[in-house]
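Undergrad: Starting off with a structure, shown below.
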Amino acid sequence: MSTGIRYMLLSIVSFSLMHLCVKAIPDIPVVQTIFLRSVFSIVFCCIAIKQAKVSVWGNNKTFLVLRGLVGMLSLICFFYSIQMLPLGTAVTIGNLVPFFTLFLAFVFLKEKIPHIKWLFFAVSFVGVLLMKGLDDELPALGIILGLCAAFFTATAHFVVRKLRDTDDTSVIMFYFPFITIPFMLPFAILQWETPDAREWLFLVLIGITTHVGQLFLTKAYKHEEVKNISYVYYLGIILSFVYGVSFFGEFISVKSSVGVGLVILGMVLNMLG
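In case it helps, full-length UniProt numbering puts the sequence shown at residues 1 to 273.
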């Protein structure tokens with residue numbers, strides 16, 4: 001097993017644990033969770049920037065701010081979808097990022113996308129529609145938020161591609177919590193619920209696992225080409241279903257399974273194609 005794949009596995013496990021922690025604290029408002037996560041994150045980012053010896057404000061400020069905004073929107077939508085949907089379903093929809101990335105590349109970069117890729121996208125999208133159409137227990141809002149999360153994450157990746165040539169990775173990561181904290185602060189104050197010891201533990205773990213996941217993800221892409229490690233990413237979907245069943249008793253219906261299966265099929269075909 002290559003170093004890049006090992007780093008990717010560690011990243012996926014870290015992010016999946018973060019998803020588990022978010023799901024485990026339903027009584028803590030999402031805006032409060034995001035605010036506290038961002039506080040932890042900005043501390044780690046400042047340490048990284050100091051070690052890198054670069055300016056905290058960066059160079060391409062317009063795109064840095066945009067990266068922070070779309071990252072914040074993605075996090076809001078994704079965390080809400082985790083609370084509203086079974087964990088495995090929310091993570092599956094959230095993993096539609098590659099398709100939205102293709103769409104953005106087609107629209108803004110005028111990249112030519114093979115017709116077969118659009119077919120794979122259609123397969124996954126039909127799967128999402130079937131999740132709701134076949135299973136009345138799944139809230140439509142949760143599915144819509146999951147799709148929005150995937151779109152905003154793809155937009156964030158698109159913006160990061162623009163920033164790679166102008167700014168250090170630590171600065172790009174810094175703008176995420178830097179923008180999020182002031183936006184979330186008033187909402188966190190209004191909706192604040194004082195966490196108990198157990199909830200504080202999960203909140204701290206959310207901050208740690210998020211940073212560790214980002215760190216190992218960055219290292220993975222430095223040691224290995226994207227095409228060689230992207231398939232490992234889908235381990236996160238499997239883990240999310242395992243966590244959902246093991247910790248929350250979330251056995252998804254046969255009807256939902258059909259939709260989830262189509263989503264995963266489309267993503268795997270896209271990766272192989």
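Backbone N, C-alpha and C fix where the C-beta goes; we use that ideal spot for every residue, glycine too.
Mind checking Phe251: buried by the 16 CB within 10 Å criterion, or exposed?
TA: As a working mapping, residue 251 is identified with position 251 in the sequence shown. It counts as exposed.
Undergrad: Determine the DSSP secondary structure at Ser14, reduced to helix, strand or coil.
TA: By 1-based counting over the sequence shown, the position of residue 14 is 14. The answer is helix: DSSP assigns Ser14 an H, G or I state.
Undergrad: Of the choices Val70, Gly142, Ser257 and Lys117, whose alpha-carbon is the least far from that of Gly266?
TA: Against the sequence shown, residue 266 aligns to sequence position 266. Ranking the options by Cα distance to Gly266, first place goes to Lys117.
Undergrad: Over what stretch of residues does the alpha helix (DSSP H) that includes Thr62 continue unbroken?
TA: Translated into positions along the sequence shown, residue 62 becomes position 62. Its alpha helix (DSSP H) spans residues Lys61 to Met84.
Undergrad: How about Ala156 and Ser74: do their beta carbons lie closer than 8 Å?
TA: Working through the sequence shown from its first residue, we reach residue 156 at position 156. Working through the sequence shown from its first residue, we reach residue 74 at position 74. Yes.
Undergrad: Any heavy atom of the ligand FAD closer than 7 Å to the beta-carbon of Ala24?
TA: The model depicted lacks the ligand FAD and carries no ligand whatsoever.
Undergrad: Is the beta carbon of Ser2 less than 8 Å from the beta carbon of Gly236?
TA: Counted from its first residue, the sequence shown places residue 2 at position 2. Counted from its first residue, the sequence shown places residue 236 at position 236. No. Outside cutoff.
Undergrad: Between the alpha carbons of Pro114 and Gln191, how many angstroms are there, rounded?
TA: Stepping through the sequence shown from its first residue, residue 114 is reached at position 114. Stepping through the sequence shown from its first residue, residue 191 is reached at position 191. Going by the C-alpha atoms only, they are around 47 Å apart.
Undergrad: I'd like to know if the stretch 174 to 183 and the stretch 54 to 66 are in contact, where contact means that at least 3 CB-CB pairs between them fall below 8 Å.
TA: At 8 Å Cβ cutoff, the stretches touch.
Undergrad: Rounding to the nearest angstrom, what Cα-Cα distance links Val31 and Ser14 in this structure?
TA: The residue you call residue 31 lines up with position 31 of the sequence shown. The residue you call residue 14 lines up with position 14 of the sequence shown. Computed Cα separation, rounded: 21 Å.
Undergrad: Could you spell out the range, first to last residue, of the alpha helix (DSSP H) harbouring Tyr234?
TA: As a first step, residue 234 must be located in the sequence shown, where it is residue number 234. From DSSP, Tyr234 is part of no alpha helix (DSSP H); its letter is neither H nor E.
Undergrad: Which same chain residues end up closer than 7 Å to Thr218 when comparing Cβ atoms and leaving out the 5 residues on each side of it in sequence?
TA: Counted from its first residue, the sequence shown places residue 218 at position 218. Taken in chain order, the residues that qualify are Thr169.
Undergrad: If you run the structure through DSSP and keep just helix, strand and coil, what is Val128?
TA: Taking the first residue of the sequence shown as position 1, residue 128 is located at position 128. Helix at Val128.
Undergrad: Between the stretch 179 to 191 and the stretch 71 to 88, can you find at least three pairs of beta-carbon atoms closer than 8 Å?
TA: These segments touch.
Undergrad: Identify the continuous alpha helix (DSSP H) that holds Ser256 and give its terminal residues.
TA: Counting from one through the sequence shown, the residue named residue 256 turns up at place 256. That run of the alpha helix (DSSP H) goes Val254 to Leu272.
Undergrad: How long is the line joining the alpha carbons of Asp167 and Ile208, rounded to whole angstroms?
TA: In the sequence shown, residue 167 corresponds to position 167, counting from 1. In the sequence shown, residue 208 corresponds to position 208, counting from 1. Cα-Cα distance, rounded: 24 Å.
Undergrad: Go through its chain and collect everything with a Cβ distance to Ala52's Cβ below 7 Å, but skip five positions before and after it.
TA: Within the sequence shown, numbered from 1, the residue matching residue 52 stands at position 52. The answer, listed in chain order, is Asp168 and Ser170.
Undergrad: Using C-beta distances below 6 Å, list every residue in its chain close to Val97, excluding the 5 sequence neighbours before and after it, in chain order.
TA: By one-based count along the sequence shown, residue 97 stands at place 97. For Val97, where only same-chain residues beyond five positions count, the Cβ hits under 6 Å are Ala150, Thr153 and Ala154.
Undergrad: Does the beta-carbon of Pro186 have 16 or more other beta-carbons within 10 angstroms, so that it is buried, or is it exposed?
TA: Here residue 186 corresponds to residue number 186 of the sequence shown, with the count starting at 1. Looking at its Cβ environment, which holds fewer than 16 other Cβ atoms inside 10 Å, Pro186 is exposed.
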